[in-house]
Structures are given as C-alpha cells and as structure tokens.
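J.: With our numbering as the guide, the letters of the sequence shown map in order to residues 38 to 202.
Backbone N, C-alpha and C fix where the C-beta goes; we use that ideal spot for every residue, glycine too.
First the structure, which I've put down as structure tokens, then a few questions once you've had a look.
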Amino acid sequence: THPTLPALIQVLFPTAVAPTNFPRKDLMTAFLTGLPTVNRPAHITDLTGVDVTRKGPLAEMLRLNTAIAPTPIASQNPLGVAAGDNAGFPNGRRLGDDVVDVSLRVAMGALCTLTGANDDLKVGCHPVDAPVGGLGFNDAVRADPTHFKNAFPYLSTPLPGAKNL
38 THPTLPALIQ VLFPTAVAPT NFPRKDLMTA FLTGLPTVNR PAHITDLTGV
88 DVTRKGPLAE MLRLNTAIAP TPIASQNPLG VAAGDNAGFP NGRRLGDDVV
138 DVSLRVAMGA LCTLTGANDD LKVGCHPVDA PVGGLGFNDA VRADPTHFKN
188 AFPYLSTPLP GAKNL
C-alpha cells in the first residue's frame, strides 16, 4: 500500500506528483478486493482492515463478474473499466485490454480522480489526494481490440520475423 512506481515516476517527471493518500486504499480496491458494483465479491463490504481479512483473504487475482455482458469487439475500450467499459480489465482480461496503461493510471491515482469528492466509488481517496490522477499516463503502445478475431483462433497470424537473420 506504499508503492514505489508513483515515486519513481515523480523522480523522472517532477510535475507528475505522486498520490499522497497512504495507505493506498485505492490500490487495495483495484488489485486486492475488486471494485464495488464491478468485480468485488459481495462479502467484502469495506476496507477497514481486520474485518475484511476475517471474511476472506485479500489477494491479487483475476476477478470476473459474469453478470456484466461482454462488450462487442468494435465497442471495446482498451482501458476497460477506467474508460467506462465495465466488461474490460480489471473485470476479467480481454486480449485488447491495455493492462499496462490501466495499471499506470491507477498507480498514479486515477481512481481517486474518478471517485469524486464524495468518494462515490468507495475507494478510500479523493481527487485532492492524486493531483495528476486524471492524466492519461501510458506506455505509448496502443492496444487495438479490432486486431483480434471474434472466434477461435482469436489471435491473428503473427508477422514474420526478419528474413535475413
């Protein structure tokens, strides 16, 4: 709950001020318990420490809410839940989900920004805790869901390697 990545990003890019809400309950929500109404199990009601761990262990795992209908490929957003596509990461994992970009944004406080001043998402932080949480941090590698097929085999034929090696 005291991640190194935001501090390293701030060292490299001084204007990218790292979030200040410690312990980072927003990260616990994103990676250990799931987001309320998206992929959090019903028995986890809050993030107040001991009560949560008594009801079940906190764990980073793939969570999938099958009550949320799949999004058609042409309508999928590679940023998943962070962009309003609740069928995407972290609610499961699709080939076109850009988990690196989503993880960068969450680490820099995107959930603190998205939750609003009233903490509507119940992630334990507010926009003031993450001054750059609304910025579009990314690794400059674009994931495009339309590059994948609707049926097996889902992956397209790979590009051939260099012929002269």
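Measuring only the C-alpha atoms, how far is T150 from L45?
T.: When rounded, the separation of the alpha-carbon atoms in T150 and L45 is 20 Å.
J.: Suppose you measure from the CA of K200 to the CA of M98; what does that come to, to the nearest Å?
T.: 40 Å
J.: Just the Cα atoms here: how many angstroms apart are K62 and I110?
T.: 32 Å
J.: Give me the Cα-Cα distance between P195 and H163, rounded to the nearest whole angstrom.
T.: 43 Å
J.: Would you call the CB atoms of V169 and G153 closer than 9 Å?
T.: Between V169 and G153, the C-beta gap is not smaller than 9 Å, which leaves the two residues out of contact.
J.: State the start and end residues of the unbroken alpha helix (DSSP H) segment that holds L148.
T.: 147-152
J.: State the beta-bridge partners of R100 as determined by DSSP.
T.: In the DSSP output, where bridge partners are listed per residue, R100 has N128.
J.: Give every residue of the same chain whose Cβ lies closer than 7 Å to the Cβ of N123, excluding the five residues on either side of it in the sequence, and list them in chain order.
T.: V75, I105
J.: What residue range does the alpha helix (DSSP H) around A67 cover?
T.: No alpha helix (DSSP H) contains A67, which DSSP labels as neither H nor E.
J.: Spatial neighbours of G86 within its chain, please: C-beta separation below 8 Å, excluding the five flanking residues on both sides.
T.: Here G86 scores only 48 on pLDDT, less than 50, and its place in the model should not be relied on; the value that follows carries that caveat. The answer is none, since no qualifying residue turns up.
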